[in-house]
Amino acid sequence: MSDEDMSANPLPVLWSFRRCPYAMRARLAIASSGVMVELREILLRDKPDAFVAVSPKATVPVLVDTGGAVLEESRDVMMWALSQNDPEGWLDVVADDPSHVAAFFDKLDGPFKTHLDRYKYASRYDASAAEHHRTKGADVLAEFDRTLQSQTALSGDSAGLLDYASLPFVRQFRIADPVWFDAQQWPHLHRWLGAFLGSKRFASVMEKYAPWQPGETGIRFQALTL
Ligand SMILES: N[C@@H](CCC(=O)N[C@@H](CS)C(=O)NCC(=O)O)C(=O)O
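For the sequence shown, our numbering assigns the number 11 to the initial residue and increments by one for each residue that follows.
And the structure:
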């Protein structure tokens, strides 16, 4: 084996942070695909030099494939995993209606995430605007509830890309004020979120790992059998 081969990582590396919703959706997609990666848990307040070296943008998740290509957006990491293997048909919704999927992500990662942050972390922004942002975010959740009235999942008959891309963010919206959230008239949304939060799938991607240390091999992270 040449020196180059010796230094190449045998598994794709996923830089991750347990509580980050973007990293959660990347882990969910990887777990569904069954593709094995080396997970390196980091602390956002103490990012390893090796992480910043591969991705100066320094947001999680980051995926470095075995060829050295670097993916720095959670959407791209989801697509990377699912385009290799998609046993649960998460990408069916993309095949059926790609423009709907693109519009969904744009709204979720754009306005919805902005309202979520300005509601959940209002003290970091403008505390007096918290209620406004909650109302705006709630409009999106009410739309989800209406969709879930006529179909089991946002992606169609079964949960797929749109569901797992958004569930970690809806979970965060709830955490900001669970009493308020649970009192909203969103029966279908509550059913959908509750099933996710109680699932083995969610528990499996939320396992706690010690932060990666330089020189160490990270966690072998792969699909569990659900
Ligand atoms: N657009 C990116 C956003 C990722 C992101 O903002 N992640 C947050 C954590 S949830 C982060 O790493 N922030 C950098 C920091 O806090 O230093 C994606 O989809 O992957």
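Beta carbons: idealized from backbone N, C-alpha and C, even for Gly.
For ligand 1, any of its heavy atoms closer than 6 Å to the Cβ of Y129?
no
On the three-pair Cβ rule with 8 Å, is the stretch 66-76 touching the stretch 26-34?
yes
Check whether the Cβ atoms of G147 and Y174 sit closer than 7 Å, and answer yes or no.
no
Residue range of the alpha helix (DSSP H) that includes S168:
Note, S168: premise wrong, no alpha helix (DSSP H); not H, not E.
CA-to-CA distance, D96 to E14, given in whole angstroms:
For E14, the predicted structure reports a pLDDT of 45, less than 50, and the residue's modelled location is therefore unreliable. A value from the coordinates is still provided. Roughly 31 Å separates the two Cα atoms.
Run through DSSP, which three-state label would L203 get?
helix
Exposed or buried, V74, counting other C-beta atoms within 10 Å across all chains shown (16 or more means buried)?
buried
For W25, which three-state DSSP category applies?
strand
Going by CA-CA distance only, name the one from S168, F61 and S160 that's closest to S26.
F61
Considering only the alpha carbon of each residue, which of V23, W202, S133 and G170 lies closest to A152?
W202
Around the Cβ of E141, are there at least 16 other Cβ atoms within 10 angstroms (buried) or fewer (exposed)?
exposed
Indicate the three-state DSSP secondary structure (helix, strand or coil) for E51 in the structure shown.
strand
If you compare alpha carbons, which of H198, W190 and L21 is closest to G77?
L21
Hey, V111 and L38 are a contact pair by Cβ (cut 8 Å); roughly how many whole angstroms apart?
So it is not a contact: roughly 16 Å between Cβ atoms.
Could you check where the alpha helix (DSSP H) with R85 kicks off and where it finishes?
S84 to Q94
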